Structures are given as structure tokens and as C-alpha cells.
Amino acid sequence: MLDQSSIQEILRANLPDATNDLLCQLSEEVEKEMESHGKTIIRNLLTQGHAKARGALFNVDIKI
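Numbering of the sequence shown is given in this note's numbering, commencing with residue 137 and proceeding in unit increments.
Here you go:
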């Protein structure tokens, strides 16, 4: 997953006139969205995925 500095770098490249405050706010929103989508993907794999995917997930330390 991207860290906050990587997200800000991408945002800065696409929004060259953005202030640092705006970049921080946007990067926090991006992090929240990524976390939310990650949780949904894991939840879907655990409930709907095939047995091999579920088995692979249980062998990994997942922090939600």
C-alpha cells in the first residue's frame, strides 16, 4: 500500500498549484479510501472467495 509521502508525491504531480494543507487533506482521504477498499476486498475473499484464496489469507497476518 502507498504511504502518505507517496500519495502526496502523486497528488503534487497532478495538482502542481495545490497548497501543502490541501495535499495533506487529500492524501488522508486517499488513505481512508484505500483502507476501506482493502477491507472490502479481504472481506469478500473470506466470505465469497474460493477455498484456496481463503486458505492463503489465513496463513498471513492480516491487520484490519
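Positions of the beta carbon are idealized from the N, C-alpha and C atoms, including for glycine.
These figures come from a predicted structure and were not determined experimentally.
Look at residue 151 here: in three-state DSSP terms it is coil, with no helix or strand label. Taking 9 Å as the cut-off, the beta carbon of residue 164 is found closer than this to the beta carbon of residue 140. Taking a 10 Å sphere around the C-beta of residue 146, we find fewer than 16 other C-beta atoms and assign the residue as exposed. Apart from sequence neighbours up to five positions away, the residues of its chain that approach residue 162 with a beta-carbon distance below 6 Å are 147, ordered along the chain. Around the Cβ of residue 177, a 10 Å sphere holds fewer than 16 other Cβ atoms; the residue is exposed.
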